[in-house]
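Peer 1: Dumping the structure here so I can ask a few things about it.
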Amino acid sequence: MAEMWKWRINSVFIAAYPVLTALLLVAASTWAHDNDITDAVLTSFMEVGSMVYILCRLFLIILSFTTLRSLPPSAFVDVNWSNDIP
């Protein structure tokens, strides 16, 4: 159950981060152009968010391989495909 929630949280972040970044870039471009505070917030969001994004991607790759070690017995049932071919 814990792996399912980890998978969901990481997947939501991976899906939402590019959209939020694009919206933030559009919003920042319409705000004051020479504002140092806006640039600092945007830069820090991009740096931290990018690192978290990479970590979430790596976590999902690792989690996908670790779940292969505890498959249910039904995953190893041999399917007799020759019965379906006329």
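In the numbering used here, the protein residues as written are 2 to 87. Even for Gly, the Cβ is constructed at its ideal location relative to N, Cα and C.
#1: Among ALA23, LEU64, ALA76, which residue has its Cα nearest to the Cα of GLY50?
#2: Is ASN84 helix, strand or coil by DSSP?
#3: Return the first residue and the last residue of the alpha helix (DSSP H) that ARG58 is part of.
#4: Can you tell me which of the three DSSP states MET2 falls into?
#5: With respect to 7 Å, is the separation between the Cβ of THR67 and the closest non-hydrogen atom of the ligand GDP below this value?
#6: Flag this pair as yes or no: are the beta carbons of THR39 and ALA29 separated by less than 8 Å?
#7: Are the stretch 12 to 22 and the stretch 71 to 81 in contact at 8 Å, needing three or more beta carbon pairs?
Peer 2: According to the data block:
#1: ALA23
#2: helix
#3: 37 to 67
#4: coil
#5: The model depicted lacks the ligand GDP and carries no ligand whatsoever.
#6: yes
#7: no
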